[in-house]
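**Q** Starting off with a structure, shown below.
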Amino acid sequence: MRKCCLKGLCVGLLAVLLGTASCRAQEKVVYRDYDRLGWTILDSLKRPGAASLFKGMNTLKLATRMLEENTPVDVEPRPAGKRELKPRAIIEQRRESVLMVFKYMRATVHPEYIMPWATAVVLSEDGVCVTNSHVLWQLIDTSARLDLRDSLLFVATEAGKIYSISSVLSYNRSGDLAFFKIDTRGERLVPMPLGEDLAVGSNVHALTHPAGYPYVYTSGVVSRTFIKESGNPFGNRVEITADFAKGSSGGPIMDDRGNMVAMVSCLHPIYYVDQPPSDRQMGIKECIPVSSIVRLMRKLEK
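Next comes the structure, spelled out in structure tokens:
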């Protein structure tokens, strides 16, 4: 009996030790040099021959002039994940599907630089992406004028790879949606799986680039669902408690399985009186439900 107990104790201690070692291995912290990433991206743009791979904003604007609103987008969405994930797993498994949108500002009075502009999400391996229509408004709105410094609008990954925007595929102004295609040069991207709209109280996870801070994770819950414009099929909205800010536009809101269930749209600050500089009380964080995104997608025939 004593021998059996000792054997059981040894097995138990071994399990604890293995579990502790496993936890320590999983808790390794990665520190990323995002300042260096910015310089890497700018250097990539300045390499000999790189400019010929990119379409300038004027060229894109001219090509988008005849694009009709609500044009169906041919894309086969990645199937939704079924297994619940821990927040860290969501971040690591989905960060490749989240892109940074940049503007390249040519040198005038000031030196050239790249401006963090927004967030976008990969929907297909061949480069179909989605963001907000207000992110691409200078290309979509025929009355919008380009700044003299505006040269390129492009996307980049966390690994520092840059891709040109080859075309705007579709948009819906009231839904704050815009689809675009990037030139992957034959590379296969990792698309974001799409889930379903969530009810109030459901957990949500955001991975965006607020104010030029790349890949910031925040979490919260769905705080409200409402109709912004009655009778408009793109009028549904979702409000969440997870933080985001300028630069987060177009970023994914995900469920506990890492599926995209909404997209960042805008933030409405609430002050004690109507306007600042009075004390800010809270911010209403408004998002576009995934059902609105899917509404513009046309599945590819197999």
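Those letters in the sequence shown? Residues -25 to -1, 1 to 277, by mature numbering (1 follows the signal peptide of the UniProt record, and there is no 0). Ideal Cβ positions, reconstructed from N, Cα and C, are used throughout, including at glycine.
May I have the straight-line CA-CA distance separating residue 307 from residue 24, to the nearest angstrom?
**A** With the chain covering only -25 through 277, there is no way to say anything about residue 307.
**Q** Using 10 angstroms around the beta-carbon of residue 283, count the other beta-carbons present and answer buried if the total reaches 16, otherwise exposed.
**A** Examination of residue 283 is not possible in this model, given that the chain is present from -25 through 277 alone.
**Q** So the candidates are 109, 137, 200 and 178; which of them puts its Cα closest to the Cα of residue 223?
**A** For the purposes of this step, residue 223 is taken as the residue at position 248 of the sequence shown. The residue with the shortest Cα to Cα distance from residue 223 is 109.
**Q** Give every residue of the same chain whose Cβ lies closer than 8 Å to the Cβ of residue 96, excluding the five residues on either side of it in the sequence, and list them in chain order.
**A** The residue given as residue 96 occupies position 121 in the sequence shown. 72, 73, 74, 104, 105, 106, 167, 225, 226, 227, 235 and 238, listed in sequence order.
**Q** Could you compute how far the alpha carbon of residue 12 sits from the alpha carbon of residue 221?
**A** What you label residue 12 is simply residue 37 of the sequence shown in a count that begins at 1. What you label residue 221 is simply residue 246 of the sequence shown in a count that begins at 1. Near 20 Å, if we compare the C-alpha coordinates of residue 221 and residue 12.
**Q** So, is residue 6 buried or exposed, given that buried needs 16 or more other C-beta atoms within 10 angstroms?
**A** Counting from one through the sequence shown, the residue named residue 6 turns up at place 31. Under this definition residue 6 is an exposed residue.
**Q** How about the region 194 to 205 and the region 79 to 87: do they share at least three Cβ pairs that are nearer than 8 Å?
**A** Contact between the region 194 to 205 and the region 79 to 87 is absent, because fewer than three Cβ pairs lie under 8 Å.
**Q** To the nearest angstrom, how far is the alpha carbon of residue 118 from that of residue 17?
**A** Taking the sequence shown and counting its residues from 1, one reaches residue 118 at position 143. Taking the sequence shown and counting its residues from 1, one reaches residue 17 at position 42. Using only the alpha carbons, I get a separation of about 30 Å.
**Q** Is any non-hydrogen atom of the ligand FAD found closer than 7 Å to the C-beta of residue 98, if you look at the structure I gave you?
**A** As presented, the structure is devoid of all ligands, the ligand FAD included, so that no description of it is given.
**Q** My guess is that residue 115 and residue 76 are in contact by the Cβ rule of under 8 Å, so how many angstroms apart are they, rounded?
**A** Numbered from 1 along the sequence shown, position 140 holds the residue referred to as residue 115. Numbered from 1 along the sequence shown, position 101 holds the residue referred to as residue 76. Actually they are not in contact, since the Cβ atoms of residue 115 and residue 76 sit about 14 Å apart, beyond 8 Å.
**Q** Once DSSP output is grouped into helix, strand and coil, what is the label at residue 36?
**A** As a working mapping, residue 36 is identified with position 61 in the sequence shown. Residue state, collapsed to three classes: helix.
**Q** Is the beta carbon of residue 145 less than 8 Å from the beta carbon of residue 154?
**A** Numbered from 1 along the sequence shown, position 170 holds the residue referred to as residue 145. Numbered from 1 along the sequence shown, position 179 holds the residue referred to as residue 154. Yes, they are a contact pair.
**Q** Relative to the alpha-carbon of residue 241, which residue among 113, 10 and 259 has its alpha-carbon at the smallest distance?
**A** The residue you call residue 241 lines up with position 266 of the sequence shown. It is 259 whose Cα lies nearest to the Cα of residue 241.
**Q** Alpha helix (DSSP H) containing residue 13: first to last residue?
**A** Locating residue 13 in the sequence shown gives position 38, counting from the first residue. That run of the alpha helix (DSSP H) goes 9 to 20.
**Q** Contact check, residue 163 vs residue 100 under 8 Å by CB: the rounded distance?
**A** The residue given as residue 163 occupies position 188 in the sequence shown. The residue given as residue 100 occupies position 125 in the sequence shown. Yes, residue 163 and residue 100 are in contact; Cβ-Cβ is about 4 Å, under 8 Å.
**Q** With a threshold of 7 Å on Cβ separation, who are the neighbours of residue 39 within its own chain once the five nearest residues in sequence on each side are excluded?
**A** In the sequence shown, counting from the first residue as 1, residue 39 sits at position 64. Closer than 7 Å at the Cβ level, and outside the excluded window around residue 39, lie 114, 115 and 143.
**Q** For residue 139, I'd like the list of residues in its chain whose CB is within less than 7 Å of its CB, leaving aside the five on either flank, ordered along the chain.
**A** As a position in the sequence shown, residue 139 is number 164, starting the count at 1. Taken in chain order, the residues that qualify are 28, 29, 30, 129, 157 and 158.
**Q** In chain order, what are the residue ranges of uninterrupted beta strand (DSSP E) at least 3 long that sit wholly in the region 223 to 258?
**A** Counting only runs of 3 or more, we get 227 to 229 and 235 to 246.
**Q** So what does DSSP say about residue 64, is it helix, strand or coil?
**A** Taking the sequence shown and counting its residues from 1, the one referred to as residue 64 is at position 89. Residue state, collapsed to three classes: helix.
**Q** CA-CA distance, residue 256 and residue 161?
**A** Within the sequence shown, the letter at position 281 stands for residue 256. Within the sequence shown, the letter at position 186 stands for residue 161. Cα to Cα, residue 256 sits roughly 49 Å from residue 161.
**Q** Output the distance between the C-alpha atoms of residue 55 and residue 170, rounded to the nearest integer angstrom.
**A** Along the sequence shown, read from residue 1 onward, the residue named residue 55 stands at position 80. Along the sequence shown, read from residue 1 onward, the residue named residue 170 stands at position 195. If I take the Cα positions, the gap works out to 5 Å.
**Q** Should residue 37 be labelled buried (16 or more other beta-carbon atoms within 10 Å of its own) or exposed?
**A** Position 62 of the sequence shown holds residue 37. Result: exposed.
**Q** Where does residue 177 sit, in a helix, a strand or coil, going by DSSP?
**A** The sequence position of residue 177 within the sequence shown is 202, counting from 1. Looking at residue 177 - three-state DSSP - the assignment turns out to be coil, as it is neither helix nor strand.
**Q** Please classify residue 230 as buried or exposed, where buried requires at least 16 other C-beta atoms within 10 Å of its C-beta.
**A** Along the sequence shown, one-based indexing puts residue 230 at 255. So residue 230 counts as buried.
**Q** From 147, 90, 174 and 205, pick the residue whose C-alpha is nearest to that of residue 185; which is it?
**A** Within the sequence shown, numbered from 1, the residue matching residue 185 stands at position 210. Of the listed residues, the one whose Cα sits closest to residue 185 is 90.
**Q** Taking the alpha helix (DSSP H) that residue 267 belongs to, which residues open and close that run?
**A** As a working note, residue 267 is residue 292 in the sequence shown. Residues 265 to 270.
**Q** Between the C-alpha atoms of residue 134 and residue 263, what's the straight-line distance to the nearest angstrom?
**A** Position 159 of the sequence shown, counted from the start, is the residue given in the question as residue 134. Position 288 of the sequence shown, counted from the start, is the residue given in the question as residue 263. Roughly 28 Å separates the two Cα atoms.
**Q** Should residue 208 be labelled buried (16 or more other beta-carbon atoms within 10 Å of its own) or exposed?
**A** Position 233 of the sequence shown, counted from the first residue, corresponds to residue 208. By the neighbour-count rule (16 or more Cβ atoms within 10 Å), residue 208 is not buried but exposed.
**Q** Taking the alpha-carbon of residue 180 as reference, which of 271, 122, 245 and 216 has the nearest alpha-carbon?
**A** For this step, residue 180 is matched to residue 205 along the sequence shown. That would be 216, whose Cα lies nearest to the Cα of residue 180.
**Q** Entirely within the region 103 to 178 and at least 3 residues each: give me those beta strand (DSSP E) ranges in chain order.
**A** As far as the region 103 to 178 is concerned, its whole beta strand (DSSP E) runs of at least 3 residues are 103 to 106, 125 to 131, 137 to 147 and 152 to 157.
**Q** Determine which residues share a DSSP beta bridge with residue 55 and list them.
**A** What you label residue 55 is simply residue 80 of the sequence shown in a count that begins at 1. In DSSP, residue 55 forms no bridge with anything.
**Q** Which residues in the same chain as residue 150 place their Cβ atom closer than 7 Å to its Cβ, once the five residues preceding and following it in sequence are excluded?
**A** As a position in the sequence shown, residue 150 is number 175, starting the count at 1. Correct list, in chain order: 209, 263 and 267.
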